[in-house]
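Chains as they are written, first to last, in my numbering: chain A, 20 to 420; chain B, 30 to 464.
All residues carry an ideal CB built from backbone N, CA and C; glycine is no exception.
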Amino acid sequence: MAAAGAALAPGIENRLLSPPNAGRIRCSSSAVPARGALVVRGAALSEESRKNRSSALKAVAVKGEAPNLTTAKSGHEILLFDALREGLEEEMARDPTVCVIGEDVGHYGGSYKVTKGLAEKFGDLRVLDTPICENSFTGMGIGAAMTGLRTVVEGMNMGFLLLAYNQISNNAGMLHYTSGGQFKIPIVIRGPGGVGKQLGAEHSQRLESYFQSVPGLQMVACSTPYNAKGLMKAAIRSDNPVILYEHVLLYNLKERIPDEEYVLCLEEAELVRPGKDVTILTYSRMRHFVLQAAKTLVERGYDPEIIDIRSLKPFDLFTIGNSIKKTHKVLIVEECMRTGGIGASLRAAIVDNFWDFLDGRPECLSSQDVPTPYAATLEDATVVQPAQIVVKVEQMCQGLV
Amino acid sequence: MAASSLASRAVASLSPSISTGASRDDAGSSSVVGFHKRSSAFTGRRVRISSGHGSSAAHGRRSCVVAATAAPVKESPLKIADALVTREEGLELYEDMILGRCFEDMCAQMYYRSKMFGFVHLYNGQEAVSTGFIKSLKKDDYICSTYRDHVHALSKGVPARQVMSELFGKATGCCRGQGGSMHMFSKEHRLLGGFAFIGEGIPVATGAAFNTKYSREVLKDLSVDAVTLAFFGDGTCNNGQFFECLNMAALWKLPIVYVVENNLWAIGMDHFRATSVPEIWKKGEAFGMPGVHVDGMDVLKVREVAKEAIARARRGDGPTLVECETYRYRGHSLADPDELRKPEQKNKYAVRDPIAAFKKYLLENGLASEADLKTIEKKIDEIVEDAVEFADASPLPPRSQLLENVFADPRGFGIGPDGKYRCEDPAFTAGTAEV
């Protein structure tokens, strides 16, 4: 069963992960078609990806499933923040143009320890402690990226990046386009977001909601040490501006990850648990709430298929579509607010693409449209809880919605 | 050399009246208390660029230079020419300013003939700043501009054809027609934009300067010594990004020069109505960098200051803030009725036309003849006409171009329901609204 976890946030599942085949996905960096037509991807790449996609990760450790003991010994256990750090460190060692810019990333080691030890190893210029000026240091990261570096900009909390919206929208998102393809902006913008434990409204925001409309940005959300490291590496290697959303409450999640190097695919979703009754699409912290709800659902005889969409923009319509074609029911569980969140966009995409395969409307559980209150009872009421997920799935499977 | 250079250069000024800055008196509302007393300090002082902390700005005494230029200086042409500029340099500077002026005038014509659209911001009157600074750069140096960027692009070497095509929205434009007037970019000529929001280019410029430092100190590539110039206006100097970047650049001694083109107006907002301390050059000292004020209508003065600031950056001594006192002869944009600026002010600056002044200088000092200058003017006319013809004849961007540059890596469009990346689908590049 799941190994004893250390310092887990309540409601968050810990699980053994056997080395997945999917982990070997490598998206080779293409030659940048600077000003010409879209590169027509070679057939080889998509076939390879499709093959890897279809071999699912091992499902959540449902009661009764024996762990794979031989594989359990390989790899190393790691906490999520450290997995991010490992990915970042590997990329910095591999490519000297990779650098980190942010508040307290250097000597302090990062507010969430994601950059711990890196300044000592790589120097103060590669792990740059900035003054408190998000718009300007994000813009500086963009200018550095335009001229040849690969910058990783940390928002100490994603909410602070509201101050950098000017730069993220106009320069990270749009500058490749307005320059006619002359300048690329290989920047990674990352940081912790989401609803924490009584952090107050301003520290509990879901910036994926706000940035998703900006054209030219890619957005991914990590949820486990395994995908955190793989997505960090992929984001750094990408020539596109990528926003990597981490969650304040997931940094101490523990998991066993491969010793060998791996890079995940930015555009792919992760099949967490195959099933046939209903498709549950989720990401970030809600993945773990869904898994918790799944335990109850499985006990009650339901068979949910759980997909961590990981790629918030663009959506992996292949993985999502295949699932919907199988189950004909879809539930989105997200932490964004009801209005204008990732769920809203995902529902629209599902209706547009898979209408004929749906037995009912795509359901969505989102947070309340409320500034996250400080009081614990109110805060709990703003976000989706596992019990609500159970109720909703039961209703859907019984044809009550 | 640095310490006395500015003082001595100022002696051989183009026109005595410029350096006293008396013309600022009617620059706007005199309701600011002590304005008149301030104005001469504002414009009359020549602050020396030094590599140390805190310029002489704090001293509060008027530079003796002012007194020296109160009387017209007549020195032998040969001596002045040797001291300031050679014939070749002079002709290059002249040609660049004429190109800027002629191009912008043509833009106005083309706009009113519906060949170019949207917001077009012309640079007439400010040519000395662009020419004086950008012609002092090396090819590898970077510049970063604002929406008033046509002439910066031209000075940096972007062909007039490419700029005009971009303005016409044609596929042959420097940004394939996707940027427009306010978004001129050139990777080849190291023009980092073209920005519509004031202030948002300053951090980008600061990042390019950071890259130079990084290349030298982390990548150990000492062949990289690119300096970056950031151009922006008086209105921007009340914006947060301005101050935030001054701080960071000084902190890390970035190789950058912040060039303020103070033309006194931010659309219809008088600089003195918007700014508690109108002397922008003073703000450099608050961040530990030299703040220099220069007459932006005098290309030779701008050039002298530029050379020194650029050299300072290149040798690793850090940033400089240069305030260029200048003026735009046209409205903020071609859509601006320009009703707030008084005729007296406009006339005051009209007689300080940088091109006319420099022409006079070249002729009086025997650096060029009328014929030489006419040849240049004719050449530029032809270049600009050719640019228009080229732009006219160029094709509009096809529909298929719509999505090509959204991502550097088009996998960013994602994976479609069929399992293939969207960008592998030929129909996708047709660019319909369904993505």
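Query	Result
Residue range of the alpha helix (DSSP H) that includes B:D134	R116 to Y141
C-alpha distance - A:S93 paired with A:D278, whole-angstrom precision	7 Å
Burial state of B:V306 (16 or more Cβ within 10 Å)	exposed
Cβ pair B:G208, B:E229 closer than 8 Å	no
For B:I405, the three-state DSSP class (helix, strand or coil)	helix
At least three beta-carbon pairs within less than 8 Å, the segment 399-412 of chain B to the segment 168-179 of chain A	no
Three-state secondary structure (DSSP) of B:V291	Rather than Val, the amino acid found at residue 291 of chain B in this sequence is Asn. In this structure, B:N291 counts as strand in the three-state DSSP scheme.
Pairwise C-alpha distance: A:G210 and A:R169	17 Å
Simplified DSSP state of B:G28, which is helix, strand or coil	The structure shown does not extend to residue 28 of chain B, since chain B is modelled only from 30 to 464, so the question has no answer here.
Min CB distance A:E286 to chain B below 8 Å	yes
Coil, strand or helix - B:D410 by DSSP	helix
Proximity to B:T160 [Cα-Cα], best of B:D134, B:A364, B:C353 and B:A255	B:C353
Identity of the residues DSSP links to A:G212 by a beta bridge	A:H266
Assigned exposure category for B:I296 - 16 Cβ within 10 Å defines buried	exposed
Buried/exposed call for A:E221, threshold 16 Cβ in 10 Å	exposed
Same chain, Cβ closer than 6 Å to A:V133, neighbours up to 5 away in sequence not counted	F100, L103 and R104
Contacts that B:M277 makes with chain A (C-beta to C-beta distance below 9 Å)	T149, P150, C152, S155, F156 and M159
CB of B:A364 within 8 Å of CB of B:F148, strictly	yes
Beta carbon of A:C284 nearer than 8 Å to that of A:L263	no
Residue-level contact to chain A via CB, B:I127, 8 Å cutoff	no
Whether A:C416 touches A:Y321 by CB criterion (8 Å)	yes
Three-pair Cβ contact test at 8 Å for the segment 149-156 of chain A versus the segment 226-242 of chain B	yes
Under 9 Å (Cβ pairs) to chain B, residues found in the segment 108-123 of chain A	P115, T116, C118 and I120
Residue-chain proximity (A:K248, chain B), Cβ-Cβ < 8 Å	no
is_contact[B:F162, chain A] using C-beta, thresh 8 Å	no
Partners in chain B for A:Y196, counting only beta-carbon separations shorter than 7 Å	Q207, N434 and V435
Cutoff 8 Å: B:D438 Cβ touching any chain A Cβ	yes
Three CB pairs or more closer than 8 Å across the segment 260-268 of chain B and the segment 323-339 of chain B	no
Where the beta strand (DSSP E) through A:G121 begins and ends	V117 to G121
Runs of alpha helix (DSSP H) wholly within the segment 173-255 of chain A (minimum 4 residues, chain order)	194-197 and 226-230
Cβ of A:L384 within 8 Å of any chain B Cβ	no
Proximity test, Cβ basis, 8 Å: A:T298 and chain B	no
B:G222 to B:I339 span [Cα, whole Å]	20 Å
Beta-ladder partner(s) of B:R219, from DSSP	B:R219 is not bridged to any residue.
Among A:V291, A:L310, A:D375 and A:R380, the one whose alpha carbon lies nearest that of A:T338	A:V291
Neighbouring residues, chain B, relative to A:R145 (Cβ below 9 Å)	Y243 and V247
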